[in-house]
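Chemist:
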Amino acid sequence: MAITTLTIDNLYHEIVELAREQGAQTRELWNEIVDEVVEGHIDLGELDADQNTEGMKEVLRAKWNTFREELAEEEKNKDEFEEDTTTVVEEKKDMEEKEEEEDTDDFLGNNDEEY
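Heads up: the sequence shown runs through residues 1 to 115, numbered per the UniProt record's numbering.
1. Please name the residue in T5, E97 and K57 whose C-alpha comes closest to that of G45.
2. Pair every Cβ in the region 56 to 68 with every Cβ in the region 12 to 31, then say whether three or more of these pairs are closer than 8 Å.
3. Spatial neighbours of E70 within its chain, please: C-beta separation below 8 Å, excluding the five flanking residues on both sides.
4. I need the straight-line Cα distance from E100 to N77, nearest angstrom please.
5. In three-state terms, what does DSSP make of Q25?
6. Provide the residue span of the alpha helix (DSSP H) that contains K57, from first to last.
7. Give the C-beta separation of T53 and I42 to the nearest angstrom, bearing in mind that I take them to be a contact with Cβ-Cβ under 8 Å.
8. Does the Cβ of A24 have 16 or more other Cβ atoms within 10 Å, making it buried, or fewer, making it exposed?
9. Which of the three DSSP states is assigned to E100 in this structure?
10. Using a Cβ-Cβ cut-off of 7 Å (strictly less than) and excluding sequence neighbours within five positions of Y12, which residues of its own chain qualify?
11. If you draw a straight line from the C-alpha of D35 to the C-alpha of K57, how long is it?
And the structure:
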């Protein structure tokens, strides 16, 4: 008797994880991962060959574009984060340099402030 708690969504998330680990950049590799995951669950008895596993594979193969869109969005967010981080680091460095110059001016008596 097969365990029927595996959903397309569960399988998709497992496939996405493997695709990321393997750096899947082509539909061909995505399809291979889909086949491996579904067949693996059949071998483990978690899916039954009578459960229209070919239909499951087709649905999962069709999610290639969804996966690519998710990757593209993550890359965009990563790039934006890196840009923001770089800006903050540069601003902090500028502030530290300015403070260092002010400290040097104070030490050398080049400061116009009266005490």
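Beta carbons: idealized from backbone N, C-alpha and C, even for Gly.
Modeler: Let me lay it out:
1. T5
2. yes
3. V16.
4. About 34 Å.
5. coil
6. T53 to R61
7. 6 Å
8. buried
9. helix
10. L60 and K63
11. 7 Å
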